[in-house]
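Data first, discussion second: the structure below is written as structure tokens.
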Amino acid sequence: MSISAAQQHTAREERSRPPLWLKLLIGVFLVIFVVGGLYSGYLFYATVREIVAGTDLPALPVIQLPSINLPNAQADEEVVEPLPEMGMVATPVVGAGEMAYVPPPAPPLVEGERTNILLLGIDRRGGKGWGYRTDTMIIVSVDQVNNTVSMLSIPRDLYLEIPGYGEDRINAANGYGYRYDYPGGGPALLMRTIEQNFEIPIDYYVMVDFDGFTQVIDTLGGIDVNVPRTLHDTMYPDPKPGDPHAYKTIHFDAGWQHLDGKRALEYSRSRMSTSDFARAARQ
368 MSISAAQQHT AREERSRPPL WLKLLIGVFL VIFVVGGLYS GYLFYATVRE IVAGTDLPAL
428 PVIQLPSINL PNAQADEEVV EPLPEMGMVA TPVVGAGEMA YVPPPAPPLV EGERTNILLL
488 GIDRRGGKGW GYRTDTMIIV SVDQVNNTVS MLSIPRDLYL EIPGYGEDRI NAANGYGYRY
548 DYPGGGPALL MRTIEQNFEI PIDYYVMVDF DGFTQVIDTL GGIDVNVPRT LHDTMYPDPK
608 PGDPHAYKTI HFDAGWQHLD GKRALEYSRS RMSTSDFARA ARQ
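In my numbering, the protein residues as written are 368 to 650.
Below is the structure:
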């Protein structure tokens with residue numbers, strides 16, 4: 368008994384079509400993925416608003432940072448109307464011999480309230496301006512009643528609304544602030560971005576580049592760090608004049624380590640052997 372060409376073609380089409388159960392399974396996975404992503408975003412938003420009051424850590428020592436003068440930040444050629452000025456605090460910025468333009472003083476602190484300090488780290492080398500992306504953003508919340516400190520690291524790739532400049536990654540706010548001469552510079556715009564999106568008021572900020580970070584650690588005589596697990600990174604950035612994309616290998620054994628400024632910077636920056644979340648925990 369022969370089978371016609373049309374029947375053979377129909378049979379091949381039926382065999383090539385995915386079964387109904389497979390379509391349903393794929394659909395269920397897509398729904399779970401979308402709903403899970405939306406729910407995870409909501410959980411992060413809610414957690415950011417609550418975590419500053421939730422984790423108690425030992426009180427940290429107060430470090431007096433040097434105060435250095437710097438002329439006002441220069442505006443970009445493109446004219447952009449600045450947003451209303453905010454009552455932020457003038458906070459020292461550690462760097463290689465210069466200081467960022469800072470906002471006007473904030474009102475006096477009220478006893479019993481929390482004090483929130485924004486720590487900013489930028490990938491700046493050679494002392495060329497301050498309008499870089501903030502790869503490190505940590506909110507240090509000091510509870511003046513219980514004498515405790517909580518720390519919250521903000522992921523640099525969070526996509527959100529930057530007031531007056533549309534949607535972008537949060538680490539771009541600092542660059543916008545300096546480029547368009549926002550009142551108070553990049554840190555003021557970043558502080559406003561955090562306050563608007565997470566309803567966390569920021570009282571002070573400290574911005575530090577690579578040189579400033581190592582100087583602070585070396586001034587303290589180094590720091591003791593308990594490395595939870597061995598860290599081995601063969602792709603740590605090591606730019607050179609003739610090879611800006613060069614890499615080197617760094618290694619940290621598990622256990623307590625005494626690190627100077629250079630080694631502490633390597634430990635806090637490494638991410639190729641782990642992840643951004645692990646790096647945030649080390650910072």
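Glycine is no exception: its CB is placed at the ideal position from the N, C-alpha and C atoms. Quick caveat, the model's predicted, so the values are computed rather than measured.
Measure the beta-carbon distance from residue i to residue j and round it to whole angstroms, keeping in mind my assumption that it falls under 8 Å.
| i | j | result |
| --- | --- | --- |
| I506 | I489 | Not really, about 16 Å apart at Cβ, beyond 8 Å. |
| Y614 | I484 | Contact doesn't hold; Cβ gap of about 33 Å is too wide. |
| N564 | L519 | Contact doesn't hold; Cβ gap of about 13 Å is too wide. |
| S637 | L598 | 6 Å |
Are the beta-carbon atoms belonging to residue i and residue j less than 7 Å from one another?
| i | j | result |
| --- | --- | --- |
| G498 | Y549 | no |
| R491 | D576 | yes |
| A631 | I567 | no |
| P554 | M574 | yes |
| I584 | G552 | no |
Let me make sure I understand the geometry here. Which of the options has the alpha-carbon closest to that of residue i?
| i | options | result |
| --- | --- | --- |
| V512 | T482, I529, T501 and E534 | T482 |
| R500 | D510, V583 and L487 | L487 |
| D502 | P608, D524 and A631 | D524 |
| D578 | E633, I529 and E534 | E633 |
| V509 | G531, E480, I529 and P530 | E480 |
| T581 | G531, L626 and I529 | L626 |
| M504 | Q624, H612, P608 and I569 | I569 |
| E562 | G533, D535 and I529 | I529 |
Open item on the list: Check whether the region 523-541 and the region 551-558 are in contact - that is, three or more C-beta pairs closer than 8 Å.
Closed with: yes
Task: Runs of beta strand (DSSP E) wholly within the region 482-552 (minimum 3 residues, chain order) - done: 501-510, 515-520, 526-529 and 533-536
Task: Inter-stretch contact at 8 Å, needing at least 3 Cβ pairs: the region 587-594 / the region 618-628 - done: yes
Task: alpha helix (DSSP H) runs wholly inside the region 570-635, at least 4 long, in chain order - done: 577-586
Open item on the list: Would the region 598-607 count as touching the region 514-528 if we require 3 or more Cβ pairs under 8 Å?
Closed with: no
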